[in-house]
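Residue numbers (my numbering): 392 to 658. Single-structure report; data block below.
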Amino acid sequence: MIKLHSSNTYIKDLKQKIAEKVRHPFLAEFIPEPDIDEDKLVILSSIMDHTKLSSVKKEQYVITTMLVQIALDTHDLVTLTEDDDDRDTVRQRQLTVLAGDYYSGLYYYLLSQLDDIPMIHTLAGAIKEINELKMELYYKDVESFQEFLSGVKKIESLLIQRVASYVQKTTINDMAGEWLLAKKLLQEKRSYMEGNFSPLINVLINRPNISGNSGQVLLNIEQMLQNHIHRLETTVSQLPIHFNWLKSYVHSAIHQQFNQRQIAEEG
392 MIKLHSSNTY IKDLKQKIAE KVRHPFLAEF IPEPDIDEDK LVILSSIMDH
442 TKLSSVKKEQ YVITTMLVQI ALDTHDLVTL TEDDDDRDTV RQRQLTVLAG
492 DYYSGLYYYL LSQLDDIPMI HTLAGAIKEI NELKMELYYK DVESFQEFLS
542 GVKKIESLLI QRVASYVQKT TINDMAGEWL LAKKLLQEKR SYMEGNFSPL
592 INVLINRPNI SGNSGQVLLN IEQMLQNHIH RLETTVSQLP IHFNWLKSYV
642 HSAIHQQFNQ RQIAEEG
């Protein structure tokens with residue numbers, strides 16, 4: 392119980408430090424503060440916990456990697472330009488691009504303070520790969536629903552997996568990929584059902600050869616989630632004992648995000 396409490400406190404402290412770094416008074420006037428993905432933060436922290444790096448370097452690696460993630464997520468929020476866009480919409484789009492570039496610059500700056508060229512190369516390589524994967528997923532033909540899911544999984548987990556490989560701690564890579572895929576699909580489905588635009592679901596709807604209409608897309612995602620969660624719980628349970636706090640966290644998250652959702656929908 393003490394370890395769990397201190398771990399939760401540490402994650403909360405890290406989130407606060409990241410929030411302080413990305414906060415910019417000018418950007419805050421026009422666009423919302425970026426979301427900090429707590430699940431990815433927990434996974435990164437668990438990876439670093441089992442390295443022999445100094446405490447300072449562990450924290451710096453986690454924060455800089457999360458800044459890269461925030462930059463990637465922010466650029467994903469940029470909408471396509473339309474001829475009839477009003478002035479405010481255009482400005483919002485331009486500021487979102489600016490924010491993404493600002494967050495990218497922050498991680499370069501922080502790593503330069505550590506004089507850590509290899510880590511910069513690792514993150515830069517991951518960014519390049521992720522952007523290439525996004526281009527393939529959204530703009531090239533995908534032959535099957537499973538191939539599409541494989542692409543989403545890579546995009547969601549590649550950054551963390553590259554960092555894990557860099558510090559030679561890849562034990563939880565498979566679990567991370569499975570967990571982040573399930574979470575992404577649930578988020579996209581929930582957003583779409585609430586009437587918001589979902590790029591991922593929109594791509595599937597516009598490719599009837601791999602999924603079909605919106606109803607079929609949502610059904611396929613739901614069926615995939617049901618099967619996926621059972622496998623994920625098994626994978627998490629098989630992690631080594633020194634990942635007990637991470638195991639508790641993920642099992643709790645599965646219950647809160649998936650099992651309670653199912654109860655609410657059935658109710």
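Just so it is clear, CB atoms sit at the ideal spot from N, CA and C, and this is done for glycine as well.
Selection from 596, 561 and 537 that minimises the alpha carbon distance to residue 614:
537
Excluding the 5 residues preceding and the 5 following residue 573 in the sequence, name in chain order all residues of the same chain whose CB lies nearer than 7 Å to its CB.
616, 619, 620 and 623
Tell me which residues share the same chain as residue 591 and place their Cβ nearer than 6 Å to its Cβ, disregarding the 5 neighbours each side in the sequence.
579
Among 465, 635 and 554, which residue has its Cα nearest to the Cα of residue 453?
It is 554 whose Cα lies nearest to the Cα of residue 453.
Can you tell me where the alpha helix (DSSP H) holding residue 554 begins and where it ends?
536-557
I need the straight-line Cα distance from residue 531 to residue 543, nearest angstrom please.
Their backbone Cα atoms lie some 14 Å apart in a straight line.
Can you tell which of 626, 410 and 535 has its C-alpha closest to the C-alpha of residue 600?
535
Note the first and the last residue of the continuous alpha helix (DSSP H) segment covering residue 596.
590-596
So, with DSSP's three-state summary, where would you put residue 585?
coil
Is the Cβ-Cβ distance between residue 458 and residue 401 less than 8 Å?
No. Outside cutoff.
Going by other Cβ atoms of all chains shown within 10 Å of its Cβ, with 16 needed for buried, is residue 447 buried or exposed?
exposed
Pick helix, strand or coil for residue 523, following the three-state DSSP scheme.
helix
Taking its Cβ as the centre, do 16 or more other Cβ atoms sit within 10 Å of residue 451, making it buried, or is it exposed?
buried
When the Cβ atoms of the region 550-564 are set against those of the region 495-502, are three or more pairs found closer than 8 Å?
Put simply, the region 550-564 does not touch the region 495-502. Fewer than three CB pairs are less than 8 Å apart.
Run the CB neighbour count on residue 472, radius 10 Å, all protein chains shown included, and call it buried at 16 or more, exposed below.
Caution is warranted here: a pLDDT of 44 is assigned to residue 472, below 50, making its placement in the model unreliable, and the coordinate value is therefore given only provisionally. Flag for residue 472 reads exposed.
If you draw a straight line from the C-alpha of residue 633 to the C-alpha of residue 604, how long is it?
45 Å
Residue interval of the alpha helix (DSSP H) (run including residue 424):
Neither: residue 424 is in no alpha helix (DSSP H) and is coded neither H nor E.
On a Cα-Cα basis, can you pick out the residue from 437, 441, 442 and 406 that is closest to residue 425?
Of all alpha-carbon atoms in 437, 441, 442 and 406, the one lying nearest the alpha-carbon of residue 425 is that of 406.
For residue 509, the three-state DSSP class (helix, strand or coil):
helix
When the Cα atoms are used, what is the spatial distance from residue 626 to residue 551?
If you draw a straight line from the Cα of residue 626 to the Cα of residue 551, it is about 18 Å long.
With a CB to CB cut of under 6 Å and the five nearest residues on each side skipped, what residues in its chain are close to residue 449?
The beta carbon of residue 449 sits closer than 6 Å to those of 439, all from its chain and outside the five residues before and after it, given in chain order.
Please report the distance separating the alpha-carbon of residue 430 from that of residue 462.
17 Å
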